[in-house]
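Enquirer:
Residue numbers (our numbering): 92 to 275.
(1) Threshold first: 4 residues or longer. Then list the alpha helix (DSSP H) segments lying entirely within the segment 124 to 203, N to C.
(2) List the residues that DSSP assigns as beta-bridge partners of residue 228.
(3) Which of the three DSSP states is assigned to residue 118 in this structure?
(4) Take the Cβ of residue 136 as the centre, count every other Cβ of all protein chains shown within 10 Å, and call the residue buried at 16 or more, exposed below.
(5) What residue from 169, 227 and 240 has the CA that sits closest to residue 197's CA?
(6) Is there contact between the segment 258 to 273 and the segment 148 to 164, where contact requires at least three CB pairs shorter than 8 Å?
(7) Evaluate contact between the segment 149 to 165 and the segment 119 to 126, counting only Cβ atoms and requiring at least three cross-stretch pairs below 8 Å.
(8) How many angstroms separate the CA atom of residue 182 from the CA atom of residue 130?
(9) Taking all protein chains shown into account, do 16 or more other C-beta atoms lie within 10 angstroms of the C-beta of residue 249, making it buried, or fewer, making it exposed?
(10) Using a threshold of 8 Å, state whether the C-beta atoms of residue 144 and residue 97 are closer than that.
(11) Just verifying my parser: in three-state terms, what is the DSSP assignment at residue 255?
(12) Using the beta-carbon count (16 or more within 10 Å), is residue 273 buried or exposed?
(13) DSSP three-state call for residue 99: helix, strand or coil?
(14) From 261, 141 and 227, pick the residue whose C-alpha is nearest to that of residue 163; which is it?
(15) On a Cα-Cα basis, can you pick out the residue from 217, 243, 193 and 218 that is closest to residue 111?
(16) Leaving out the 5 sequence neighbours to the left and right, which residues in its chain are closer than 7 Å to residue 232 when beta-carbon positions are compared?
(17) Check whether the Cβ atoms of residue 186 and residue 175 sit closer than 8 Å, and answer yes or no.
(18) Among the candidates 132, 94, 178 and 92, whose CA atom is the shortest distance from the CA of residue 205?
(19) Please report the distance separating the alpha-carbon of residue 193 from that of residue 226.
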């Protein structure tokens, strides 16, 4: 299950990368204005799927019941950080504290990316709908000041987030393989 979630997250990330690259290479027709929200949706959903996949692995290794994972990225990333810290306590002798700290810090930087999004909206459906649950217009439709997204900066941050999630997933997969080998 976690492998399928992670594979699907890579597909969303690949689509986001394609959109970002297209917008950055040539935005003479202002396509970035039209594709920014769909691109953010792809990135956010890819992050959600990655964090869910990582959390499922962590639950397995920590022998915790796999809780129903929400759609809230802030809750998912905090669960990931908390579980990584608990996993560190269990496997520090096998992999070393510095190795774990590298991934914990990486996921904390992913959290910073997510927090930055939440600073601009409290309703993550902003990438899917022009209105909130009460049918009030989303923040970006309320004033004449155009909200802008620096696509180059988004691309840079996105690549880092994707890389950290990928490396963390692979590290946890390595721990899972080592744990299985020890049991054999």
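Just so you know, even glycine gets a beta-carbon here, dropped at the ideal spot from N, CA and C.
Expert: With the given structure in hand:
(1) As far as the segment 124 to 203 is concerned, its whole alpha helix (DSSP H) runs of at least 4 residues are 164 to 186.
(2) 222
(3) coil
(4) buried
(5) 169
(6) yes
(7) no
(8) 37 Å
(9) buried
(10) yes
(11) In the three-state scheme derived from DSSP, where H, G and I count as helix and E and B as strand, residue 255 is classed as helix.
(12) Taking all protein chains shown into account, residue 273 has fewer than 16 neighbouring C-beta atoms within 10 Å of its C-beta and is therefore exposed.
(13) For residue 99, the secondary structure class from DSSP, reduced to helix, strand or coil, is helix.
(14) Considering only alpha carbons, the answer is 141.
(15) 243
(16) Low per-residue confidence applies at residue 232: pLDDT is 49, beneath 50, and the placement is therefore not dependable enough to give any value.
(17) For residue 186 and residue 175, no; Cβs fall outside 8 Å.
(18) 132
(19) 43 Å
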